[in-house]
Amino acid sequence: MADVDQRFDWRQAITPALFGIGLVVNITGFAIVLDRPDEPARAFALVFIGANLLWLLAEAPVSLGKPGTPPREVTTLIAYGLTRFATVAAALFLPSLGTESPVREAVAIAVFAGGVTLRLVAIRTLGRFYSHHVIRHDEHQIVSSGPYRLIRHPAYAGMLLGHAGLIVFFFDWPAVVLLAGLAGVLSWRIRVEERTLLVLPAYRAYAAQHARLLPGVW
Numbered sequence: 023m024a025d026v027d028q029r030f031d032w033r034q035a036i037t038p039a040l041f042g043i044g045l046v047v048n049i050t051g052f053a054i055v056l057d058r059p060d061e062p063a064r065a066f067a068l069v070f071i072g073a074n075l076l077w078l079l080a081e082a083p084v085s086l087g088k089p090g091t092p093p094r095e096v097t098t099l100i101a102y103g104l105t106r107f108a109t110v111a112a113a114l115f116l117p118s119l120g121t122e123s124p125v126r127e128a129v130a131i132a133v134f135a136g137g138v139t140l141r142l143v144a145i146r147t148l149g150r151f152y153s154h155h156v157i158r159h160d161e162h163q164i165v166s167s168g169p170y171r172l173i174r175h176p177a178y179a180g181m182l183l184g185h186a187g188l189i190v191f192f193f194d195w196p197a198v199v200l201l202a203g204l205a206g207v208l209s210w211r212i213r214v215e216e217r218t219l220l221v222l223p224a225y226r227a228y229a230a231q232h233a234r235l236l237p238g239v240w
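Start counting the sequence shown at 23; every next residue gets the next number (the numbering used here).
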C-alpha cells in the first residue's frame, strides 16, 4: 500500500476533477433554464446546453485518461479549467440580457458549432500527442496537418470560439468579462506550453511559420 501511495501523482487527478465540475455546471444550468418557463427561446436554450454537455462528454476520454508522461505544470491547467467553467456558469445561471433574435441565435449556433468542430478535429489530428496537461513526449513529433497547417493552437482557438458562441446566445455582462478572462488565461497557458515545446528545433521552425491563434495577428 505504501508503494502505491508513493506512486500516486495528485496532478493527474486535476483533469477528472475539472471534468466533474463541468458536469455539475452544465447539469445545474440545464435545471435553472428548465425552471424559467417565460424565458425567450427556452426550448432552444435547453438544446444548446445539451450540445455543450455533449462537447464536454466528447472530451471525456482525454479528461479522464491518465497522461503517459508526468505533467510539467498544473497552475495554468487549474486556472484555465476554473475560468472556463466560471464562464459557462455565468452564461447559464444568470438571466440573459439579450432579446429574442433569430439572427443572434443563428450567429451563436454557427460560432459555437464551428469552434467545437475545430477543437475536436484538432484533438483528433494530434492523436496520442494531445493532452490537457503540458507535457512533452520523448518521441514527440511535430504535427502540421489538418488545422495545424493554419495555426499552432487550433484546439485553444476552438475552445474560445465555442465559448464565444455560448456567450452570444446566453448573453450577460459577467459572462462576457469571464470570457475575456478565459482568453487571457489561455494566452498565459500557451506561453507556458511553448516554453516546453520550443526546445525542439522542429517546433521552433514550425512556430516561425505559423501564428498561435489568429494568422497575421498572434
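Yeah, the Cβ is synthetic: ideal placement off N, Cα and C, and Gly gets one too. Remember, it's a predicted structure, so these values are computed and weren't measured experimentally.
Buried or exposed: residue i, going by 16 or more other Cβ atoms within 10 Å of its Cβ?
i: VAL138; result: buried
i: ALA67; result: buried
i: GLY103; result: buried
i: ALA35; result: exposed
i: VAL125; result: exposed
i: LEU208; result: buried
i: TRP77; result: buried
i: GLU81; result: buried
i: ASP31; result: exposed
Taking the alpha carbon of residue i as the point to measure from, which residue in the options has its own alpha carbon closest?
i: LEU191; options: PHE115, LEU236, GLY103, GLN34; result: In the sequence on display, residue 191 carries Phe and not Leu. Closest option to PHE191, Cα to Cα, is PHE115.
i: LEU40; options: ARG58, PHE193, SER85; result: SER85
i: ALA130; options: ALA230, LEU183, ARG58, SER209; result: LEU183
i: THR37; options: GLN231, ARG94, LEU99, ASP31; result: LEU99
i: VAL69; options: GLU127, LEU222, PRO93; result: GLU127
i: ARG150; options: PRO83, THR97, GLY238, PHE134; result: PRO83
i: ALA224; options: ASN74, ILE173, ARG211, ILE164; result: ILE164
i: PRO237; options: LEU172, SER123, GLY87, LEU119; result: LEU172
i: GLY152; options: GLY87, ASP31, ILE189; result: Here residue 152 turns out to be Tyr, not Gly, going by the sequence shown. The shortest C-alpha separation from TYR152 is found at GLY87.
i: ARG213; options: THR121, ILE189, TRP32, TRP240; result: TRP240
i: ALA179; options: ALA135, ALA80, LEU222; result: ALA135
i: ALA233; options: ARG174, HIS154, LEU222; result: ARG174
i: ILE189; options: ARG33, ASN74, TRP32, ASP31; result: ASN74
i: HIS166; options: GLN231, HIS154, HIS185, ARG33; result: For the sequence presented, residue 166 should be read as Ser rather than His. Among GLN231, HIS154, HIS185, ARG33, the Cα nearest to that of SER166 belongs to GLN231.
Counting only the same chain and skipping the five closest in sequence on each side, list residues whose C-beta sits under 6 Å from that of residue i.
i: MET181; result: ARG141
i: PHE107; result: ILE43, GLY44, VAL47
i: GLN28; result: For GLN28, the pLDDT reaches just 49, beneath the cut-off of 50, and the residue's location in the model is therefore unreliable, leaving the point undetermined.
i: PRO176; result: LEU140, ALA144, PRO169
i: VAL110; result: VAL47
i: GLU215; result: VAL156
i: THR105; result: GLY203, LEU204, VAL207
i: SER123; result: none
Got a sec? Which residues, its chain only, sit under 8 Å from residue i by beta carbon, not counting five neighbours each side?
i: ILE71; result: ASN48, GLY51, PHE52, VAL55, LEU114
i: ALA132; result: GLY187
i: THR218; result: ARG94, VAL156, ILE157, ARG158
i: LEU220; result: ARG226, ALA229
i: ASP194; result: ALA112, ALA113, LEU116, PRO117, SER118, LEU119
Excluding sequence positions up to five away, which residues of its chain have a Cβ less than 7 Å from the Cβ of residue i?
i: PRO196; result: ALA112, LEU116
i: ALA64; result: Note that residue 64 is Arg in the sequence shown here, rather than Ala. These residues qualify, in order along the chain: VAL55, ARG58.
i: ARG211; result: THR98, TYR102
i: VAL96; result: ARG33, ILE36
i: LEU235; result: ILE173, HIS175, TYR178, ALA179
Checklist line | alpha helix (DSSP H) runs contained entirely in the region 102-160, provided each spans 4 or more residues | finding: 124-148
Checklist line | the region 142-157 contacting the region 193-201, beta-carbon criterion three pairs below 8 Å | finding: no
Check: Whole alpha helix (DSSP H) runs in the region 159-229 with 4 or more residues, listed along the chain?
Finding: 176-191, 195-219
Notebook entry, point to check: Can you list the alpha helix (DSSP H) stretches of 4 or more residues lying completely in the region 25-70, in chain order?
Noted result: 36-56
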